[in-house]
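In case it helps, mature numbering (1 follows the signal peptide of the UniProt record, and there is no 0) puts the sequence shown at residues -27 to -1, 1 to 206. Yeah, the Cβ is synthetic: ideal placement off N, Cα and C, and Gly gets one too. First up is the structure itself, then whatever we jot down about it.
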Amino acid sequence: MSLSRRQFIKASGVALCAGAAPLKAHAAGQQPALPVPPLLESRRGQPLFLTLQRSPLVVYPRHPRPRLGINGRYMGPTIRVWNGDDVKLIYSNRLTENVAMTIRGLQVPGPLIGGAARMMSPNADWAPVLPIRQSAATLWYQANTPNRMAKQVYNGLAGMWLVEDEVSKNLPIPNHYGVDDFPVIIQDKRLDNFGTPEYSEPGSGGFVGDTLLVNGVQSPYVEVSRAGCACAC
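Here it is in structure tokens:
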């Protein structure tokens, strides 16, 4: 079940990025700037391309570590679609392992959502056309490969998916992506001394890391105006 942004706003109010000034002063030392995933939009009938490939993760400056990613980055771009659109999505698997992808919360017929029935072998492509017929919501897409899903998501095969409609477009909240409207993806990791994420199969209690990453980095800062900003998590 997806939680619409309107419901989230009513329940908790708009998230303001308070404390940006002290963080900025601290940022000159060790804090990295908040990475903002590129934005892919489905306007004018253009297809959206998602290439699954090896990509670097830079937890510590100047020490990139090979992980998985989408379109050359650790984790994927933010995808923004509009209610009423028919979106052609082109997945290309350029990894050396099988991958199945899915979109959590998207209300489309089962055969179009992905999953194990749409497994992509190395160098295979899959191009569903998705009819977007739902209200504004914050969703996500991720690997959904049987017996490999958790490890592939942990290593970077995931991203944010936004559905917009006429109501969300006219809400009195910040809406300039990457300027005053930021995607925030929080992950827990276990890092070795070189900043390489280590993964082990979770037990009955699930996997719990000892380090939090925000959009793939530790303790980032973001500069915003005094008017504040909105954060989609």
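Presumed contact (8 Å Cβ cut-off) between residue i and residue j, rounded CB distance
| i | j | result |
| --- | --- | --- |
| L25 | L62 | So it is not a contact: roughly 12 Å between Cβ atoms. |
| N56 | E137 | 7 Å |
| P193 | P5 | 5 Å |
| T75 | G83 | Incorrect: roughly 10 Å between the Cβ atoms, too far for contact. |
| V190 | P8 | 6 Å |
Paired residues, beta bridge with residue i - DSSP
| i | result |
| --- | --- |
| G42 | Q26, M48 |
| I76 | Y114 |
| T184 | K162 |
| E137 | W55 |
| S198 | Answer by DSSP bridge pairing: none, since S198 is not bridged. |
| G179 | None, per the DSSP bridge assignment. |
| G132 | Y114 |
| P145 | In DSSP, P145 forms no bridge with anything. |
| S65 | T24, D98 |
| E171 | R163 |
| L12 | T51 |
8 Å CB neighbourhood of residue i in its chain, flanking five on each side removed
| i | result |
| --- | --- |
| I43 | L23, T24, L25, Q26, S28, G49, P50, G129, L130, G132 |
| V54 | E14, S15, V60, L103, I105, W134, L135, V136, E137 |
| K142 | N148 |
Proximal residues to residue i (C-beta, below 6 Å), its chain only, five neighbours per side dropped
| i | result |
| --- | --- |
| A90 | none |
| D183 | R163 |
| I158 | N188 |
| residue 294 | The chain is shown only over -27 to 206; residue 294 falls outside these bounds and no answer can be derived. |
| M122 | A116 |
| R199 | none |
| D58 | S15, I105 |
Whole-angstrom distance between residue j and residue i, CA atom to CA atom
| i | j | result |
| --- | --- | --- |
| I105 | Q80 | 7 Å |
| P20 | D98 | 14 Å |
| I146 | R46 | 29 Å |
| N117 | L103 | 18 Å |
| W113 | L30 | 20 Å |
| A109 | L135 | 7 Å |
| V197 | S94 | 43 Å |
| L68 | H149 | 33 Å |
| Q160 | L186 | 5 Å |
| P119 | V72 | 9 Å |
| P10 | I52 | 10 Å |
| Q115 | S65 | 14 Å |
| G78 | E139 | 19 Å |
| N96 | L144 | 42 Å |
| F180 | D165 | 16 Å |
| R17 | M92 | 29 Å |
| L41 | E174 | 17 Å |
| E70 | Q3 | 36 Å |
| L12 | T111 | 14 Å |
C-beta neighbour in chain D for residue i, strict 9 Å
| i | result |
| --- | --- |
| N188 | Among the protein chains of the structure shown there is no chain D, as only one such chain exists. |
Contacts around residue i, its chain only, beta-carbon distance under 7 Å, and the 5 residues preceding and following it disregarded
| i | result |
| --- | --- |
| P101 | L62, L85 |
| Q107 | N56, Q80, V136 |
Proximity test, residue i beta-carbon vs the ligand ATP heavy atom, cut-off 8 Å
| i | result |
| --- | --- |
| N117 | The ligand ATP is not part of this structure, which contains no ligands at all. |
- Item | Whole runs of the beta strand (DSSP E) within the region 81 to 126, excluding any shorter than 3 residues | Counting only runs of 3 or more, we get 102 to 104, 110 to 116.
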